[in-house]
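One structure is given below, encoded as structure tokens.
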Amino acid sequence: MSLLNKNRIKKLGDDQLIETIARLQTQLANQKMFDQTTIDLSDDNRIADRILQAKYNFLYEEAKRRNTKSSGLGSVITQ
């Protein structure tokens, strides 16, 4: 496999990773707003919150480990 193909494949993977992290950031922000307006969260909601946060943390750390670069101005990965 040529270096050009490897770079292209890495960029595709990085782009997908960034998109997923951005989507999870939006979900986390929405969930936090929802949680603040809820008087009593159910156990299912608390578990769903923790799973969402764990997914985000895992993918964020993976992106940092891979030195993922975001092409947008509002990068979801900060160094």
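Heads up, our numbering is the position in the sequence shown plus 845, with the first residue counted as 1.
Note that the Cβ used here is the ideal one computed from N, Cα and C, for glycine as well.
Contact check, D885 vs D894, beta carbons under 8 Å: As a working mapping, residue 885 is identified with position 40 in the sequence shown. As a working mapping, residue 894 is identified with position 49 in the sequence shown. In this structure, D894 does not lie closer than 8 Å to D885 by Cβ.
Three-state secondary structure (DSSP) at M878? Counting from 1 along the sequence shown, the entry for residue 878 is found at position 33. M878: helix per DSSP, three-state reduction.
Tell whether a beta-carbon distance below 8 Å holds between I854 and L904. Locating residue 854 in the sequence shown gives position 9, where the first residue counts as 1. Locating residue 904 in the sequence shown gives position 59, where the first residue counts as 1. No, Cβ-Cβ distance for I854 and L904 is not below 8 Å.
Near E906, which residues of its chain fall below 6 Å by C-beta distance, leaving aside the five closest residues on each side in sequence? Locating residue 906 in the sequence shown gives position 61, where the first residue counts as 1. Within the same chain, E906 has no close Cβ partners at all.
Spatially closest choice to Y901 from R868, K877 and N890, by CA coordinates: Within the sequence shown, the letter at position 56 stands for residue 901. For Y901, the nearest C-alpha among the options comes from R868.
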